[in-house]
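Okay, structure first, notes after.
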Amino acid sequence: MASPLQRSTNIPLLHFRSVFTQIFLISATAFCTVGSFNALQGLGGAGQETPYVANAATAINFGLLGVVCILAGPVVNLLDIRWSLFLGTCGDPIFGAAVYCNTRYGIQWFLIFAAVVRGACSGLFWAAEGSVIIAYPRDQHRGKSITLWVFAKELGSVASSAINLGLSARDDKPGHVGYPVYYATITIICCGIPLALLMSPTHKVRHRDGTKLDASNAGKYGLEYRRLGNLLRKKEVLLLVPYAWFAYFYYSFSHTFVAKRFTVRARALTSLLTSLASILGSAIIAVLSDSRLSSKAPLALLTTLVLSLCGGGWIYFAYIAITSDSKHKLDWAGPGYAKQAMAVAIIFMVMQAAQTYLYWSAATFSTSVRDRFHMAGVVRGVESLGQCVAYGVNSSSTKPTISVGLNLGFYVLATAFTLGSLIAQM
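Numbering (this note's numbering) for the sequence shown: -14 to 411.
This is how it looks when you write it as structure tokens:
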């Protein structure tokens, strides 16, 4: 007799239990939560006049987020996706409210408290959304699924940034963004909570041909953490850690650069440009990764392309960051804005390409849905820990040469380990 996984009936693309619908829902949730959070960060220092307190809070947030995310794979396996996402979305509105209160009333303790709450909640959210993106789609559709998620996440940033730009268009002075920007952003963030509850349980999700996901091997917490330990001992996973650390390390420095160099409305415009550039970078790698053949040569070419894009982008951004005048803030109508904004957009484009390649690569280490849940937590947790260190570095008035040097150093380390992993596979 055929097993339940073998008995299948074709279902519509937009069926409530289809993989595509789950990808769409997770993307819509990311649109509201992560996208709006990124839009705030894209303003530099969460839109505040100086970025240092916000950067310190964000460092705390990502530090806790990273630890929770690495350990969250077993929790996601046992709570399942819906409730993991629901709990994971609860921290974002609190953090948004805390940023507003600190900007308007100077309440710093609330911002630090909210950073801790969001770190714990978002660690679960990051692991859960990463699990859906890399574990649900079949291999030939994974790159497109990652790009849909990135598109929705960045579209959230685009929407929030467009609102911010509209509200700040006449503000050509330095300082914090207007309070209506926070009202609009927090409203969008809150919409992510009910969307998370629409997700289907993993064991009910089906592919287009009606085949269910093989998600029947979830164990108790002890067994799940032993699986996580076994995963962390794999050579290919360890070789991926430096690359995952590097992939998001740029975020803090680029946002701090925007806060320190541009006026309020120029910051809003730059945030919009970086969101569009991120979508483009992800789309390029998605098309190449999904269309590649099974032979090793295309994989080597794709890896080389991604690493080369990162190297070229960082060389240009480093040159702009170190040589440009940092004493006067640029407005979008002023000389020099286009060159500096383009450098920021380029670094976002190439680094989003790098992140898309990271998630696609992480999914190739196992064919088990549950193992991919663990892998998603590990990869996204390492990313978060990297951001924790990066935001810690930029929580005070640090010279740009320090951040540039750290990013270039981690790029060299990530390149060496990634090429080592590629050689081992070939």
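Backbone N, C-alpha and C fix where the C-beta goes; we use that ideal spot for every residue, glycine too.
Kindly indicate which three-state DSSP category Q33 falls into: helix, strand or coil?
-> A caution first: Q33 carries a pLDDT of 48, below 50, which makes its placement in the model unreliable, though a value can still be read off. If DSSP states are grouped into helix, strand and coil, Q33 belongs with coil.
Tell me the DSSP bridge mates of L315?
-> F247
Helix, strand or coil for S3 per DSSP?
-> strand
Beta-carbon gap between A330 and L294 smaller than 9 Å = no
What are the partner residues of K189, as DSSP defines its beta bridges?
-> Beta-bridge pairing links K189 to no other residue.
Of the choices A244, V84 and F395, whose alpha-carbon is the least far from that of S381?
-> A244
From the DSSP output, read off the bridge partner residues of K197.
-> R191
Three-state secondary structure assigned by DSSP to I(-4) = coil
Spatial neighbours of P78 within its chain, please: CB distance less than 7 Å, with the 5 preceding and 5 following residues excluded, ordered by chain position.
-> I171, I174 and C175
Anyone know if the C-beta pair for M334 and G298 falls short of 9 Å?
-> G298 is positioned such that its CB atom lies closer than 9 Å to that of M334.
What runs of the alpha helix (DSSP H), each 4 residues or longer, lie entirely inside the region 296 to 377?
-> 322 to 348
Span of the alpha helix (DSSP H) holding C86?
-> G76 to Y90
Could I get the ranges of all uninterrupted beta strand (DSSP E) runs contained in the region 208 to 267, with 3 residues as the minimum, in chain order?
-> Correct list: empty.
Following the continuous alpha helix (DSSP H) through C175, name the residue where it begins and the one where it ends.
-> Going by DSSP, C175 is part of the alpha helix (DSSP H) stretching over Y164 to C175.
Considering Q125, what are the terminal residues of the alpha helix (DSSP H) in which it resides?
-> First-last for Q125: undefined, no H or E at that position.
Using 8 Å as the threshold, is the region 38 to 58 in touch with the region 93 to 102, meaning 3 or more CB pairs across them?
-> yes
Alpha carbon to alpha carbon, what distance is there between F80 and F95?
-> One C-alpha to the other measures close to 9 Å.
In or out: V364 buried (at least 16 other Cβ within 10 Å) or exposed?
-> buried
Out of S263, I(-4) and R355, state which residue places its alpha-carbon closest to the alpha-carbon of T187.
-> R355
Is the distance from the Cβ of S3 to the Cβ of I(-4) below 9 Å?
-> yes
In terms of alpha-carbon separation, which member of C75, A229 and A318 lies closest to Y342?
-> Selected option, being the one with the closest Cα: A229.
Touch check for the region 258 to 277 and the region 127 to 137: three-plus C-beta pairs under 8 Å?
-> They touch, by the three-pair rule.
State the Cα-Cα distance for the pair P283 and L290, rounded to the nearest angstrom.
-> 10 Å
So L391 packs on A303, CB below 8 Å; how close in whole Å?
-> Under the criterion of beta carbons closer than 8 Å, L391 and A303 do not qualify as touching, at roughly 11 Å.
Which whole-angstrom value describes the C-beta separation of I119 and A347, a residue pair presumed to lie in contact below a C-beta threshold of 8 Å?
-> 6 Å
Looking only at its own chain, which residues have a Cβ that is under 8 Å from the Cβ of R103, when we skip the five neighbours before and after it?
-> N46, L50, G76, D77, I79 and F80
For the putative contact between M336 and A401, defined by C-beta atoms under 8 Å, what is the C-beta separation to the nearest angstrom?
-> That belief does not hold up - the Cβ atoms of M336 and A401 are roughly 18 Å apart, past 8 Å.
Helix or strand or just coil, what does DSSP make of T18?
-> In the structure shown, the three-state DSSP call for T18 is coil.
Please work out which residues of its chain come closer than 7 Å, Cβ to Cβ, to A13, disregarding the five sequence neighbours upstream and downstream, and give them in chain order.
-> Here A13 has A137 and L180 as same chain residues with Cβ atoms under 7 Å from its own Cβ, once five neighbours each way along the sequence are excluded.
Proximity of N40 and S239 at Cβ, strictly below 9 Å = no
Near I305, which residues of its chain fall below 8 Å by C-beta distance, leaving aside the five closest residues on each side in sequence?
-> K324, Q325 and A328
According to the Cβ coordinates, are I66 and S116 closer than 9 Å?
-> Contact check for I66 against S116 passes: the beta carbons are separated by less than 9 Å.
What residue range is occupied by the uninterrupted alpha helix (DSSP H) comprising L96?
-> Segment Q93 to A120, the alpha helix (DSSP H) holding L96.
Alpha carbon to alpha carbon, how far is N87 from F247? Give it in angstroms, no decimals.
-> 21 Å
Beta carbon of H359, beta carbon of R191: below 9 Å?
-> no
In angstroms with no decimal places, state the Cα-to-Cα distance between I8 and P320.
-> 43 Å
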